[in-house]
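Order-wise, the sequence lines are chains A and B.
Position in the first sequence (first residue = 1) + 263 = my numbering.
Position in the second sequence (first residue = 1) + 263 = my numbering.
Where is the CB? At the ideal position from N, CA and C, for every residue including glycine.
Number of protein chains: 2
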Amino acid sequence: MAMQKVNTLSPNSSGKDVNPDLDIERKNPSFNVERLTNILDGGAENTRIRRAVDTWLQKDPEFSTERQYFLTQNERYENAIRKSIYLAKKMDEMGWAEDGPERKYCHRALSCNLAFNVHKVFLTSILGLGTDEQIAKWVPLAKKFYIAGTYAQTELGHGTYLRGLETTATFDVATQEFILNTPSISAMKWWPGDLGRTATHAVVFAQLYLKDKCYGMHPFMLQIRSLRDHSPMPGITVGDIGPKMSFENVDNGFLIMKNVRVPRENMLSRFSQVLPDGQYRKQGAEKINYLTMMVVRTQILQAEVVPLLMKACTIAIRYSAVRRQSELKPGDPESKILDYQTQQQKLLPQLATAYAFFFVGEYLLEIFNKGYRETKEGIFDMLPELHALTSGIKVIATDYSSLGAEVCRKACGGHGYSLLSGLPFLCTRVLASCTYEGENTVLLLQTARFLIKCLGAATSGKPLPPSVAYLSSRSFGKCEAKEKGDFLNPDVYMDAYRQRSFRLLRTAASKLQMLIQSGIAQYDAWNQCSVQLAQAAMAHSHYIVVEKFVEALARFGQEPAIQRILKHLCDLFALHGIHSDVGGFMQEGYLSTDQIAMVTESYLDLLPVIRRDAVPLVDAFDFSDANLNSALGCYDGRAYERLYEWAKKSPTNQQGNHVFKTYLKPLFQNALSKL
Amino acid sequence: MAMQKVNTLSPNSSGKDVNPDLDIERKNPSFNVERLTNILDGGAENTRIRRAVDTWLQKDPEFSTERQYFLTQNERYENAIRKSIYLAKKMDEMGWAEDGPERKYCHRALSCNLAFNVHKVFLTSILGLGTDEQIAKWVPLAKKFYIAGTYAQTELGHGTYLRGLETTATFDVATQEFILNTPSISAMKWWPGDLGRTATHAVVFAQLYLKDKCYGMHPFMLQIRSLRDHSPMPGITVGDIGPKMSFENVDNGFLIMKNVRVPRENMLSRFSQVLPDGQYRKQGAEKINYLTMMVVRTQILQAEVVPLLMKACTIAIRYSAVRRQSELKPGDPESKILDYQTQQQKLLPQLATAYAFFFVGEYLLEIFNKGYRETKEGIFDMLPELHALTSGIKVIATDYSSLGAEVCRKACGGHGYSLLSGLPFLCTRVLASCTYEGENTVLLLQTARFLIKCLGAATSGKPLPPSVAYLSSRSFGKCEAKEKGDFLNPDVYMDAYRQRSFRLLRTAASKLQMLIQSGIAQYDAWNQCSVQLAQAAMAHSHYIVVEKFVEALARFGQEPAIQRILKHLCDLFALHGIHSDVGGFMQEGYLSTDQIAMVTESYLDLLPVIRRDAVPLVDAFDFSDANLNSALGCYDGRAYERLYEWAKKSPTNQQGNHVFKTYLKPLFQNALSKL
């Protein structure tokens with residue numbers, strides 16, 4: 264069945280039932296909203312397909328998320344399993360290509376309500392780490408869901424620091440088996456998704472022991488539950504880790520192994536093999552594997568983190584255009600809260616941030632592809648830079664998106680505290696991204712390590728990778744801006760960001776060197792500098808985001824209206840960053856007190872400019888009402904009506920009279936004679 | 264029954280089952296932990312009573328909160344009602360005085376699991392706003408829970424801006440009744456606690472209309488549900504507003520009134536009366552009422568907000584002393600994460616903040632009491648200052664506590680995302696305080712209005728209230744610190760805070776004046792300065808917190824160990840504030856680049872000093888394990904064991920085999936022949 268051309272889903276025409284306060288915001292956008300949507304989708308054809316997929320999903324009641332905020336964790340899990348299996352069948356019926364855009368858009372629209380998320384990582388890990396025979400054996404089963412898998416790496420006592428993992432796999436030459444064990448409570452696998460109540464198989468990471476010698480972490484394929492009755496296999500203890508802030512659709516689990524034996528061929532052996540006599544043999548170029556981790560970080564940004572911030576902005580900005588509170592001008596009707604400078608200053612920088620991360624995500628994908636091509640050809644030069652970039656940008660994107668979503672939530676006042684606003688869900692979900700796929704502080708310090716090396720290389724006159732080329736500068740002097748308008752010049756603010764990053768890094772590096780020279784051990788000196796090193800890595804990542812936003816503007820030279828509004832957002836993102844860390848830019852006199860005053864004025868001046876297009880700018884994200892699942896943020900702006908309608912459906916209004924009869928009536932009847 | 268002297272609850276002796284990593288942290292505190300606990304309790308006698316109450320509560324299984332994180336909203340509500348009624352009965356049996364400390368400690372320990380919270384506000388509002396006859400009629404009924412009340416002020420479309428409330432009460436001379444109406448959807452009462460599923464009565468705020476003239480907001484006593492069967496009274500639509508981020512124990516509700524008639528005597532008439540002929544008469548000094556709102560804000564800080572931050576610190580710091588991750592020194596065992604500078608820099612400033620807010624809370628209570636005495640004597644001079652102080656400190660305390668609790672949560676990595684850590688509960692709960700009892704931005708701007716007035720008064724040489732006396736200064740010159748040690752001098756950093764606040768305020772005031780002189784209307788000029796005004800109000804409030812912490816130190820002159828550790832915390836709080844807003848202190852050259860480097864070093868130097876006492880400092884808060892309700896933060900440090908034990912009890916491990924049989928088995932059986 265071919266997809267018909269359906270555009271009706273897109274909320275791109277002013278309907279008659281739209282709240283007039285929201286309708287008027289859409290009357291005179293300064294740019295073509297549809298065109299910006301196409302840019303965000305990567306082309307008009309993608310927009311068309313995405314909308315068609317959304318329409319298709321929304322026609323099917325099975326995919327409704329209407330009662331999402333009313334469900335228990337168990338109900339969310341059961342629904343996720345049911346929906347996932349149903350969706351897989353339906354997508355097959357549609358004949359959609361395995362890597363086609365339709366499947367991608369389905370998953371993006373429904374990801375918070377589907378299961379088998381780590382099953383996909385399980386599949387990828389077999390493809391990446393398995394031999395051809397192993398792939399031939401396991402992948403077809405996993406693709407058809409004849410087995411369900413998980414990726415069991417993290418332990419109760421060990422997360423980002425992989426070398427510390429405790430699970431052991433000891434080779435028994437006599438039986439040609441590995442014996443897997445969980446040697447302590449902190450060694451149990453903890454957190455893997457799909458493990459708690461679903462998986463039959465797991466790729467388990469364990470320290471490989473051959474004749475009492477440890478060879479480090481290796482992956483083993485392990486059956487953990489019976490395919491017949493789902494009971495744990497011998498030696499296995501497995502279960503769910505319980506309630507979390509979000510991700511109720513995922514059954515994160517624990518796993519304890521006691522003398523669990525798996526045949527020799529179950530070690531995934533693309534890169535290292537254990538021979539029948541217990542000898543260890545390394546093979547192949549493992550480095551390509553590092554890229555997998557990096558690409559996962561990039562995909563998470565684009566498919567999960569940035570959309571969460573975009574949704575939060577959509578809800579908060581639409582609501583701020585219909586919420587009226589207090590009088591701006593005495594005697595006038597109450598004002599839209601979006602007209603207050605304080606509200607603009609909360610929301611519009613978040614909007615600019617969402618656009619900034621969109622463009623840096625595109626950049627990451629681009630250089631990742633380049634790195635992938637080179638690595639395949641055996642050129643590994645880009646890997647350290649790529650690792651530093653993806654780590655640093657993962658941190659700033661997840662950190663700022665978490666803070667930003669929370670700013671949006673809080674800016675909606677009391678109603679932002681209601682789950683029905685959709686905002687608490689977005690906030691608690693995005694928060695997790697600061698921890699998973701590498702804890703943010705740990706990643707920042709890895710980026711810092713790379714930067715320190717580059718600074719050292721620069722000092723000895725060696726060439727630097729492009730993203731850090733500015734570290735070769737001797738000095739940045741002082742900013743030469745004379746008036747507030749100068750701060751709308753990207754060269755001016757990019758220089759300022761480069762200067763801050765350079766200076767923070769140089770300060771940390773000098774301190775590090777000084778401590779080492781004073782006789783403090785390297786590791787201790789590093790620890791004593793780590794707050795400043797992390798700060799420098801953050802400043803560098805911030806600079807990259809600003810630079811990539813500026814570079815993206817050049818693409819729209821033929822579209823002045825689009826370019827103009829994106830330029831405003833880029834300026835706002837950059838100036839908001841300066842305004843929020845004035846000290847970072849003032850030190851060594853780079854910016855003067857007068858120049859800071861100019862930044863503040865330039866920054867505040869941008870707010871009312873962008874405010875005019877605020878609603879069109881979130882409309883351009885083109886989330887359907889079903890995607891947003893928010894009583895406050897719907898396209899029609901009927902926030903109060905929807906809050907009331909949704910609240911009436913809450914289970915809290917279906918508790919019946921039981922609490923009254925049991926607990927309250929015996930007390931209240933005492934008042935009957937008195938009132 | 265007298266309370267026996269029970270101290271066993273206090274976790275103040277090293278038990279043999281304590282995790283050695285935590286035990287060792289308690290071996291050499293630099294101060295007497297018990298003494299600090301007594302200080303926080305306001306005396307050793309209070310500590311004794313509090314512990315006895317805790318023991319009493321924990322012996323009774325009815326008060327167990329063990330399954331709290333597993334319950335649905337409906338279950339949480341039902342439990343809250345049951346526990347509240349049971350507790351009231353038990354407390355009566357104990358013969359505890361109505362305003363005695365035992366009842367206070369009971370409520371503090373259980374507040375998150377009790378109902379009838381707004382019932383108390385209902386009672387207070389009758390006492391504050393009712394005539395003697397009204398008090399005599401309603402208060403006895405309410406005290407015995409023969410009726411359950413709510414305080415219905417906030418509307419769906421109106422929160423902090425009270426003048427915008429839409430509900431109407433029109434007097435009908437013919438029947439001597441008020442007719443209450445909800446004229447639009449945005450006018451329905453929305454959010455009041457105890458309204459959704461409990462209250463039989465409400466104090467409803469409505470615009471009073473007499474012969475078509477509006478007299479503003481007035482309170483009306485209204486029966487909303489039958490005492491016999493709990494059905495809504497005629498003309499009433501009432502229900503629950505549904506799921507929220509937290510506060511599942513509270514049934515926040517909505518209320519729609521359609522021509523609901525109440526007799527004339529149901530207007531609470533202590534301060535204004537409607538005569539039988541429809542004439543309006545004001546009476547009495549209403550100003551004392553403003554104080555009620557202020558005291559509520561102070562009480563919330565002390566009883567709710569600051570303890571939430573203290574609990575988050577307790578959990579995160581204890582966990583950081585038992586969590587080991589990565590090697591600091593190569594070859595050594597993995598290090599406690601509390602030994603990493605980055606972890607210290609996350610947690611220790613939050614600990615200092617908790618202590619800072621404790622002392623500023625004491626100060627607020629003290630000047631509030633003074634203000635109350637004066638107001639009762641008809642002296643209203645202190646009211647504007649009190650309002651500005653309580654508003655500003657409410658904002659900084661709720662804002663910093665929210666951010667701080669989240670820092671603590673995130674610092675616990677993945678396990679901080681599990682509800683079983685207790686941290687998500689603390690975080691989502693404290694977030695609400697930024698919005699309730701006056702939205703933070705609105706409150707800041709009210710403080711700013713007071714500060715602008717004071718600055719004007721200072722310019723014309725008028726005397727200023729004590730908390731803003733520094734605004735009389737002409738200029739602050741430059742900071743004279745010469746070395747990093749100088750920044751441990753409270754005079755140095757207090758001056759810096761005064762300078763920042765003064766400068767921000769003066770800048771905003773100049774801009775405001777300039778805009779008005781340029782012909783921009785006053786209200787518009789105010790809006791265009793509001794970001795900077797809010798910033799100035801925040802800086803002023805921050806200064807007050809620092810100053811009050813410094814002043815509190817003087818009390819402990821006879822206890823050098825206590826004074827020393829509190830001084831370290833005060834220094835850390837002050838220097839962390841400078842470190843986090845370097846720009847605010849550098850402008851106009853107040854602090855130089857070199858001085859900022861000194862601040863940074865002084866600040867970082869404090870971290871390992873306080874780290875040594877970090878665990879004793881959270882032990883001093885003396886929360887029992889039941890109070891913390893955290894698998895990570897218990898006194899014995901057995902975090903992993905407890906996480907595992909608690910997870911096993913989760914309903915997610917009691918879902919049975921149904922999901923497997925229905926959805927998974929049909930797929931998995933296809934693999935049976937292949938594996």
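- One thing to note: Gly-422/B has its Cβ no nearer than 8 Å to the Cβ of Gly-685/A.
- Within the same chain, and ignoring the five residues on either side of Ile-563/B in sequence, the residues whose Cβ sits closer than 7 Å to its Cβ are Ser-696, Glu-700.
- Glu-648/A has a beta carbon lying at 8 Å or more from every beta carbon in chain B.
- Sixteen is the threshold: when 16 or more other Cβ atoms of the shown chains lie within 10 Å of the Cβ of Arg-533/A, as they do, the residue is buried.
- A Cβ of chain A is located within less than 8 Å of the beta carbon of Asn-920/B.
- DSSP lists Asp-435/B, Pro-526/B as the bridge partner or partners of Glu-440/B.
- In chain order, Ala-566 place their CB closer than 7 Å to the CB of Arg-371/A, counting only its own chain and leaving out the 5 sequence neighbours on each side.
- Interface flag for Asp-758/A against chain B is unset, since no Cβ pair is found closer than 8 Å.
- If you draw a straight line from the Cα of Gly-900/B to the Cα of Ser-583/B, it comes to about 10 Å.
- Counting only runs that start and end inside the region 848-905 of chain A, the alpha helix (DSSP H) elements of at least 4 residues fall at 856-875, 877-882, 888-891.
- Between Gly-516/A and Pro-455/A, the gap from beta carbon to beta carbon is short of 8 Å.
- In the DSSP annotation of this structure, the continuous segment of the beta strand (DSSP E) that includes Arg-544/B starts and ends at 543-545.
- The beta-bridge partner set that DSSP reports for Leu-518/B consists of Lys-452/B, Val-501/B.
- Residue pairing by DSSP puts Phe-483/A in a beta bridge opposite Val-467/A, Met-530/A.
- Taking C-beta atoms under 8 Å as the contact rule, Leu-601/B and Ala-877/B qualify, at a distance of about 7 Å.
- Asp-395/B and Trp-401/B have their C-alpha atoms roughly 10 Å apart.
- If you check the CB distance, Ala-788/A and Ser-764/A do not come in under 8 Å.
- Only residues of its own chain outside the window of five on either side were considered, and among them Pro-647, Ala-651 have a CB closer than 6 Å to the CB of Phe-713/B, listed in chain order.
- By the beta-carbon neighbour count (other beta carbons within 10 angstroms, threshold 16), Pro-929/B is exposed.
- For Ala-934/A, a Cβ of chain B is located within less than 8 Å of the residue's own Cβ.
- Secondary structure at His-493/B: coil, using DSSP grouped into helix, strand and coil.
- In this structure, the beta-carbon distance from Lys-507/B to Tyr-907/A does not fall below 8 Å.
- The beta carbon of Glu-440/A is closer than 8 Å to those of Phe-434, Arg-524, Val-525, Pro-526, Arg-527 in its chain, skipping five residues each way along the sequence.
- Annotated as proximal: His-464/A and Met-484/A, with beta-carbon spacing under 8 Å.
- A direct Cα-Cα distance of roughly 9 Å separates Ile-578/A from Tyr-898/A.
- Around the Cβ of Ala-784/B, a 10 Å sphere holds fewer than 16 other Cβ atoms; the residue is exposed.
- Our two residues, Asn-703/B and Glu-640/B, have alpha carbons roughly 31 Å apart in a direct line.
- Between the region 585-601 of chain B and the region 842-861 of chain B there are fewer than three inter-stretch CB-CB distances shorter than 8 Å, so the stretches are not counted as touching.
- The DSSP-derived three-state label of Ala-415/A is strand.
- Burial is judged here by how many other beta carbons sit within 10 angstroms of a residue's own beta carbon; Lys-290/A has fewer than 16 and is exposed.
- Using a Cβ distance threshold of 8 Å, Phe-379/B and Val-466/B do not count as a contacting pair.
- Interface flag for Gly-701/A against chain B is unset, since no Cβ pair is found closer than 8 Å.
- Residues of chain B whose Cβ lies closer than 8 Å to the Cβ of Ala-910/A are, in chain order, Gly-502, Asp-503, Ile-504, Gly-505, Phe-517.
- With fewer than 16 other Cβ atoms from the protein chains shown falling within 10 Å of its own Cβ, Asp-355/A counts as exposed.
- A direct Cα-Cα distance of roughly 29 Å separates Trp-453/B from Tyr-786/B.
- When beta bridges are read from the DSSP output, Val-537/B appears opposite Tyr-543/B.
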